[in-house]
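Taking it in order: structure first as C-alpha cells, then the write-up.
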Amino acid sequence: MSELVKISIDGQEYQVPAGANLLQVCLDLGLMVPHFCYHEALGPAGSCRLCAAMVAPSAEKPAQLVMTCMTKVSEGMVVKIQDPYAKDFRRGVIEYLMLNHPHDCPVCDEGGECMLQDMTVLSEHIHRRSRFPKRTWRNQYLGPLIHHEMNRCITCYRCVRFYREYALGKDLGVFGSRDRVYFGRVKDGVLESEFAGNLVDVCPTGVFTNKRFREVYSRPWDLHTARAICVHCSIGCNLLPGGRHRTLRRIKPHPHKELNRFFICDRGRYGGEYVNLYPRQTRPTIAGTEVGFREAIHHAATQLRGIVEQHGTKAIVALGSSRASLETNAALNLLFKALGAEPQIVYYDSDEEYAAVRLAASLTTSRAITVPTLVEMEKCDFVLSIGGDLTGEAPMFDLSVRQAIRAGAAFFVISPRAGKLDEFARSVLRVRPDALAQAVEKILQALSNPAETIAPEIADIVQALRSAKKPLFLCSAIHGDVALIKATYDLAKAAHQENRPCFLAYYYPAANSVGVALANDSLEPTKALDLLRTGTAKAVIAVEHDLATFFGNLENAKGILEKCAFSMIVSSVDSIPPDMATVWLPASPHYLTSGKFVNYEGRVQHSEGLSLATPLTDGPADLLLSLIEDLGKSALLEQAQYSDIFAVAAEQNVELDELTAKDGGIFIRGQLRPTDLMRDSSPSLPKREMIRWDIIQTFGSEELSALAPPIAELAAPARIEMHPDDMAQQNIAEGDFVPVPDTPSMKLKVVPNPNLARGTFAVPRLPAHVASQVPVEVQA
Amino acid sequence: MSEKVLLKNIDPKNPQPVTFEQYVKNGGYEGARIALSKTPLEVQQIVKDSGLRGRGGAGFPTGLKWSFVPMDYQGQKYLICNCDEMEPGTFKDRALVYGDPHQLIEGMLIAAYAMQMTKGFIFIRYEYKKGAEILDRAIAEAEQHGWLGKNIQGSGFDFHLETHLSAGRYICGEETALLNSLEGKRANPRSKPPFPQIRGFLGQPTIVNNVETLCNIPHILAKGPEWYKKLGLNGNAGTKLMGASGRVKTPGLWELPMGTPLSVLLNEYAGGPSREFPFKAVIPGALSTPIFTPEQFDTPMDFDSVAKAGSRLGTACVIVFDEGDCMVAATANIMKFYARESCGFCTPCREGMQWIYDTVCAIRDGQGQPSDMQVLDDLSRHIAHTFCAFAPGAQDPFLSAITKFRHEFEEHIAKRTCSIAK
C-alpha cells in the first residue's frame with residue numbers, strides 16, 4: 000500500500016495515495032472534474048486543457064491554474080475545482096471545442112452517451128458567441144466496423160493514443176496542424192488493428208461510431224442490456240450486449256478489474272451479431288416436418304427411451320459443446336441419467352485436441368501452474384509465446400502482451416507461422432508444428448544445464464529468462480499438441496523460483512473448453528466414432544456441436560446419421576441441414592440465454608441473457624431439461640450437483656449455484672489430476688514430410704463469430720500457404736490449386752509465405768458450417 | 000562603436016562564409032584548445048562565471064543549464080543547436096551561420112566537451128538550406144583538421160556533428176517540439192518535467208542551445224570570463240546581436256553591448272523613423288513579447304531591464320510601428336502567424352488563435368461588434384494556460400495590443416472603418 004497524504008478539495012479534507020494523479024483521485028472520490036484527453040488506460044495527455052483547477056502546494060502558498068491530469072497529489076495540497084477562475088477557464092475550453100463542433104446533437108449517433116454533451120453541461124457553456132463558419136472535413140471509409148465522422152472531432156488525441164501508443168497500430172494517424180488536425184488513415188481503407196472497435200469507446204464524441212449499430216440505430220437508453228461473457232475465445236471478457244425489440248444491436252465491453260478492464264477485441268464486439276440471423280429454421284422438425292416444441296421433445300424422449308430399452312445403456316452417443324455453458328453440458332449429462340443410459344459424451348473433434356485441452360485444463364484448474372490475469376500479463380518483463388498466434392487465438396492476450404512490450408518486456412515467439420506480434424519480438428523461432436515441443440525442451444535443457452553450450456537461436460531466450468523478474472509463458476492448446484503442453488509446463492516449472500514466480504497461461508479453442516475438460520464422462524473422439532461406425536451406438540445427439548465438423552464434412556455426417564436409428568440436434572446456429580436429423584430443436588443463442596463458462600484461468604463466470612422478443616425463448620439447456628421433464632425425471636434436476644458431473648471440489652457446489660454475473664467469477668478447483676493425463680498422453684503427431692498447420696484467424700475461424708456479417712467480411716480468403724522454398728522444391732507455382740491436406744476433396748489456391756516454417760502447409764481453420772458460406776476458391 | 004566579438008570576422012560588404020584558414024588566422028579554435036586542456040567541469044565553471052545567458056530569448060544562465068546534465072551518466076548524451084530561427088523579425092542566427100560557421104562549430108565543440116557529449120546536431124530551418132550547406136562544408140573542414148570526429152586534437156575526446164534540415168514550423172523552435180521533430184515524430188511539445196537535460200533526444204540527456212549562445216562560448220574561453228563580463232553596459236555580460244525592422248530608415252543587424260538603450264538602437268543605428276510619422280510602438284524581443292510604447296524607449300536592452308519595463312528581451316530584434324500604422328491591422332497580421340503556426344495539440348491555442356484572428360480581422364474590416372472585445376478579453380486570459388509556451392508567447396503582443404491600443408479597437412468597432420492606417 001502506498002503512503003497516504005492529506006489534501007483539501009473544495010474545502011473538504013481527503014486522505015489519498017501519495018503521488019497519485021490528481022484527476023483520477025478526484026474522479027475516484029466522485030468529484031466530477033470535466034475532462035477529455037485523460038483516460039484511465041491511456042493516461043494524461045494535457046491536450047484538452049479541460050480538467051483545470053486552482054491548486055496550491057499548501058494553504059500558505061498561492062494557487063495556480065493547473066491541469067489536474069498532469070498533477071500529482073502531495074501532502075497539504077489545496078485544490079479548488081469550483082474556483083471562479085477555473086470555472087471560467089473550463090467554460091472557455093468548451094466554448095473553443097464547440098467552435099467547430101457541429102450542432103447535430105439531435106441526430107448524432109453518440110447522443111445519450113456523448114462525453115462532449117456531458118462535459119458541456121458540466122462546464123456551463125451555454126451560449127455560442129462565435130459567428131464564424133465552422134471547419135468541415137471529408138470522412139474516410141475505415142472498413143465494415145467503424146464509421147468516421149470527422150466534423151465532430153474535438154482533437155482530444157484519444158484515438159491515436161489508443162490506436163498507436165496503446166495498441167501499437169500503425170495505420171491511424173494525426174495529420175495537419177493548427178485548427179486543422181485530422182485523425183484518419185493516409186488513404187481510405189479497412190483499419191488494420193484487431194482492436195480498432197475500441198475507438199468507438201475511447202472517442203468522447205461521435206467521430207468513431209459503431210457502423211453496425213448505426214445501421215439499425217437505437218438510442219442507447221432504449222437498449223436492454225445484460226452482463227454477459229464473451230463466447231468467441233477462451234479469455235472470458237466481460238461484455239454488455241445491448242438489444243432492442245427482436246435483435247441484439249451492439250456489444251460493449253463491461254469492465255472487469257482483472258480481465259478486460261477497458262477494451263475488447265473486434266471479434267468480441269462484432270461477432271455476436273450472429274444471434275440475429277441464426278438459427279434460420281426456428282421451428283422444431285421431426286424428419287423435416289415442422290412441429291411444435293412439445294411434440295418434438297416428446298417424440299425425442301419416447302424415441303430415446305425406446306432405444307435404451309431395446310439396445311441397452313451404451314446405445315447413445317452425444318456430442319457436448321465446449322462453446323456452450325456448464326448448464327447446457329450438465330443438462331446433456333443428466334439426460335443420459337434420466338434415460339438410465341451410460342453418458343457417452345464427446346466434446347472434442349480429435350483425440351489430439353482431447354488430450355491437449357484436458358492436460359492444459361487440468362494443469363490450470365488443479366493450480367499446478369500460476370495463471371496470470373490479463374492485468375498481470377501486462378506487468379511481465381519476459382514473454383514467450385509458444386505454438387500459436389495470439390492475435391487470432393486469444394486476441395486480448397495480444398493486447399496485454401503489447402502493454403508488456405511497451406513497458407520494455409523481452410518478447411520471444413516460437414511458432415510455425417508469423418503472427419502480427421512477431422515484429423515486436425527480440426527473436427523468433429520458426430519451427431515446424433511437430434517440432435514445437437522439441438524447441439521448448441531445448442530451452443529447458445539449456446536452462447537446467449548452464450554448463451552446456453547453448454544453440455545460438457535460443458541463447459537470447461535463455462538469457463532473458465534468467466534475468467527476468469516476472470516471466471510469462473503463453474502456450475496454445477488449440478492445435479492439439481499434448482507434447483507441447485507438457486514441455487511448456489516443464490519449462491515453466493523449471494523456471495519457477497520461490498522468489499520469482501513464473502506465469503503460464505494456456506489458451507483454448509472455445510469459451511468453455513476448460514469447463515468441459517473437467518466433465519467426468521468424456522469420451523475420446525475416435526472411440527465415439529467407432530461406436531457410431533460399427534453400429535454399436537444406435538442414436539446420436541448433438542448439442543451446440545457441429546456434426547459436419549466432428550465427422551470431417553457434411554457427407555460423412557449424413558452417412559452416419561442415416562445409419563442411426565435416431566438422431567437429434569439441439570443448436571442455436573444452423574448446423575447441418577435440420578432435416579438430416581430425426582429431431583431438430585432450435586435453441587436460443589448465447590447472449591440471449593444465461594449460463595456459466597470457465598475461462599483460461601479456470602475462472603467460472605456467469606453470463607446473463609438478454610430478454611428480447613425473439614421467436615426462440617429456450618436455450619439448449621432449457622430444451623434438454625424439458626426432455627428430462629418429459630421423461631418424468633424432474634427429481635433428478637433437484638438432486639443434481641456440479642461435482643457429480645464435473646471434476647470439481649464438492650465444496651464449490653453451492654458457490655457455483657449461487658454465482659451471479661456481478662461476482663467477477665470464482666476460481667474452480669478442478670479435481671482432474673495432471674499426472675494421470677500425462678501418463679495417458681500419446682506421442683505427438685506422426686512424422687511427415689509436409690505437415691498441416693491451422694491458421695486461426697481473428698476473423699473467420701471461430702465458429703460463431705464467423706457467422707456475423709462484419710466478421711465474415713473481414714475474413715481472409717481461404718488459401719494454402721507454403722514456404723517459397725517448399726513450393727520450388729515441389730514445383731508448385733503461386734496460384735496453383737493443391738488439395739488441402741487431410742481434406743483432399745477440397746483444393747485451394749497456393750499463396751507463398753516466407754514467414755512460414757519449411758515443411759508446413761498452413762490453411763485457415765474454417766468452421767464446417769461456415770466453410771460453405773465464406774468465399775472459398777474451390778476447384779472441383 | 001563597441002568591440003565586435005561575434006561579428007568580427009564577418010564583412011557585410013563581402014558576405015562569404017569565413018573559411019577554416021581565415022577563421023584560424025583570426026584566432027579561431029583557440030578557445031577550443033584552451034577548453035580541451037581543462038577538465039569539463041572547469042569549462043562549465045568558466046561559462047558560469049562569464050554570466051552568459053541564453054540568447055534564444057529566455058535568458059536562462061547557460062552555465063546553470065549545463066550543470067543540470069548528469070556528468071556520471073553512462074549512455075549517450077546529445078548537444079543540439081537550435082537554429083530554427085522562425086521568430087518573425089529575427090535574423091541574427093542567420094548572420095552567424097552564413098557568415099562564420101566555424102564560430103558555431105567551435106562553440107558546440109566546447110559545450111560538448113564541457114558536458115561530455117559525443118554527438119551533436121544543428122537543427123536548422125528549411126529556409127536556411129544554404130546555411131546548412133555552409134555548415135556542412137565547415138563541418139567537413141573541421142573534421143579534416145581534427146576539430147571534429149574522433150580523438151579531437153589528440154585529447155581523446157570524440158565529437159560528431161551533423162546538420163538536420165527541419166521541415167519547417169515555428170513550433171520546432173520550442174526545444175521539446177524540436178526534439179520530437181528530430182526524432183521523426185510530430186513536432187508537438189513534450190510535457191516538462193522531465194526536462195531535456197535529463198531525458199531529451201531519444202530519452203537521453205540533451206542540451207538545446209541557441210546559435211548565438213554557442214557562438215559566445217569560444218570567446219569566453221579564449222579571453223576569459225572577466226573580459227566577457229565587461230563587454231556589456233551596467234553590469235550585463237557580453238554583447239548582443241540586435242536587429243531592427245519595420246518603420247525605421249536603416250533596418251539591419253548590429254552587435255551592441257548588452258544593455259544598450261532601445262532609443263539608441265532605434266535612432267542611432269536604425270536611423271530613426273522611415274516616414275514622416277513618429278514611432279508609435281515597438282515589439283522589443285521580436286514578435287512574442289509585450290509591446291513597448293514611446294515612454295519605454297529609454298529601456299536598456301538587457302534581460303532584466305526589459306523585463307522590469309514589462310516586456311522581454313527575446314531575440315532583441317525589434318519590430319517598429321509608427322503613428323501611420325493601424326494597430327488593429329498589425330494585431331491581425333500578428334495573430335495570423337500564431338493561428339497558422341499552432342501545432343494543434345491543445346485546445347485554447349488550437350481553437351483560440353484562429354478565433355482571435357477571425358475576430359480581429361472582422362474588427363479591422365469594419366465588421367466588429369461591441370461584444371467582440373469581451374471575446375478577445377476572455378481569449379487573452381485563457382491562452383496563458385496552454386501546454387507549452389507558444390500561446391503565452393502569442394498572448395504577450397496580443398494582450399498588450401488590446402490593452403494599450405484598446406481605443407483603436409473600439410474606434411474600429413464604433414466607426415466600422417479604419418481612420419488610422421496611412
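The listed protein sequences derive, respectively, from chains G and B.
Using numbering that gives the first Met the number 0, read the first sequence as starting at 0 and increasing by one per residue.
Using numbering that gives the first Met the number 0, read the second sequence as starting at 0 and increasing by one per residue.
C-beta atoms are modelled at their ideal positions from N, C-alpha and C, and glycine is treated no differently.
Within chain B, the residues that residue i reaches when beta carbons sit closer than 7 Å
i: Ser129/G; result: Trp354
i: Phe645/G; result: The premise fails here: Phe645/G is roughly 52 Å from chain B at the closest Cβ pair, so nothing lies under 7 Å.
i: Val92/G; result: Thr346 and Pro347
Listed by chain order, chain B residues near residue i by CB distance under 9 Å
i: Leu64/G; result: Ala383 and His384
i: Cys501/G; result: Going along chain B, no residue has its Cβ under 9 Å from Cys501/G, so there is no contact; the nearest lies around 30 Å.
Residue nearest to residue i in terms of C-alpha spacing, selected from the options
i: Arg293/G; options: Leu584/G, Ala482/G, His100/G and Thr312/G; result: Leu584/G
i: Val305/B; options: Pro289/B, Val319/B and Phe320/B; result: Pro289/B
i: Ala797/G; options: Arg157/G, Ala516/G and Ile540/G; result: Residue 797/G falls outside the range modelled here, since chain G spans only 0 to 779, and no answer is possible.
i: Ala463/G; options: Asp380/G, His223/G, Phe262/G and Met567/G; result: Asp380/G
i: Gln14/G; options: Ile453/G, Cys47/G and Met76/G; result: Met76/G
i: Leu108/B; options: Arg189/B, Ser399/B and Asp157/B; result: Asp157/B
Extent of the continuous alpha helix (DSSP H) run through residue i
i: Gln143/B; result: Lys128 to Gln143
i: Tyr162/G; result: Here Tyr162/G belongs to no alpha helix (DSSP H), and DSSP marks it neither H nor E.
i: Arg401/G; result: Pro394 to Arg405
i: Asn332/G; result: Leu325 to Leu338
i: Tyr77/B; result: Element bounds for Tyr77/B: not the alpha helix (DSSP H) but the beta strand (DSSP E), Tyr77 to Cys82.
i: Pro39/B; result: Pro39 to Ser49
i: His603/G; result: The sequence shown places Val at residue 603/G, not His. Looking at the DSSP string, Val603/G is not in any alpha helix (DSSP H); the run it does join, the beta strand (DSSP E), is Arg602 to Ser606.
i: Leu63/B; result: Thr61 to Ser66
i: Cys25/G; result: Leu21 to Asp27
i: Met241/B; result: Per DSSP, Met241/B belongs to no alpha helix (DSSP H); it is in the beta strand (DSSP E), Thr238 to Gly245.
Chain-ordered neighbours of residue i on chain B, where CB pairs are closer than 8 Å
i: Asp178/G; result: Ala338, Ser341, Gly343, Arg349, Glu350, Met352 and Gln353
i: Tyr165/G; result: By Cβ distance, chain B contributes nothing, its closest Cβ being about 17 Å from Tyr165/G, past 8 Å.
i: Met69/G; result: Ser190
i: Tyr37/G; result: Near Tyr37/G there are no residues of chain B at all, since even the closest Cβ is about 13 Å away, more than 8 Å.
i: Ser46/G; result: Phe344, Cys345, Thr346 and Phe386
i: Leu780/G; result: Given a span of 0 to 779 for chain G in the structure shown, any question on residue 780/G remains unanswerable.
i: Phe88/G; result: Arg380, His381 and His384
i: Ala51/G; result: His384
C-beta atoms of residue i and residue j nearer than 8 Å
i: Pro781/G; j: Asn20/G; result: Given that chain G is displayed from residue 0 to residue 779, the structure contains no residue 781/G and the question cannot be resolved.
i: Leu49/G; j: Met118/G; result: yes
i: Arg198/B; j: Arg177/G; result: no
i: Gly386/G; j: His478/G; result: yes
i: Leu64/G; j: Tyr37/G; result: no
i: Leu5/B; j: Thr346/B; result: no
i: Ser704/G; j: Gly391/G; result: no
i: Tyr269/G; j: Ile710/G; result: yes
i: Ala516/G; j: Ile368/G; result: no
Amino acids of chain G, ordered along the chain, whose beta-carbon sits closer than 8 Å to that of residue i
i: Ser370/B; result: Arg128
i: Arg185/B; result: Val173
Can at least three beta-carbon pairs, one atom from the segment 254 to 273 of chain G and one from the segment 170 to 189 of chain G, be found at a separation below 8 Å? Cβ pair count under 8 Å is below three, so no.
Hey, is the segment 408 to 416 of chain G in contact with the segment 428 to 445 of chain G, meaning 3+ C-beta pairs nearer than 8 Å? Yes: the two stretches touch, three or more of their Cβ pairs being nearer than 8 Å.
When the Cβ atoms of the segment 277 to 296 of chain B are set against those of the segment 319 to 335 of chain B, are three or more pairs found closer than 8 Å? Contact check between the segment 277 to 296 of chain B and the segment 319 to 335 of chain B: three or more CB pairs, one atom from each, fall below 8 Å, which counts as touching.
Tell me, please, whether the segment 52 to 66 of chain B touches the segment 121 to 130 of chain B by the rule of three or more beta-carbon pairs shorter than 8 Å. Between the segment 52 to 66 of chain B and the segment 121 to 130 of chain B there are fewer than three C-beta pairs closer than 8 Å, too few to call the two in contact.
Between the segment 200 to 218 of chain G and the segment 644 to 655 of chain G, can you find at least three pairs of beta-carbon atoms closer than 8 Å? Cβ pair count under 8 Å is below three, so no.
Under 8 Å: do the segment 167 to 185 of chain B and the segment 349 to 358 of chain B share three or more Cβ pairs, one atom per stretch? Short answer: they don't touch.
I want to know whether the segment 723 to 736 of chain G touches the segment 753 to 763 of chain G - three or more CB-CB distances under 8 Å. The segment 723 to 736 of chain G makes contact with the segment 753 to 763 of chain G, as at least three CB pairs between them are under 8 Å.
Three or more C-beta pairs under 8 Å: does that hold for the segment 217 to 229 of chain B against the segment 80 to 96 of chain B? Taking one beta carbon from each stretch, the segment 217 to 229 of chain B and the segment 80 to 96 of chain B have fewer than 3 pairs nearer than 8 Å; the two do not touch.
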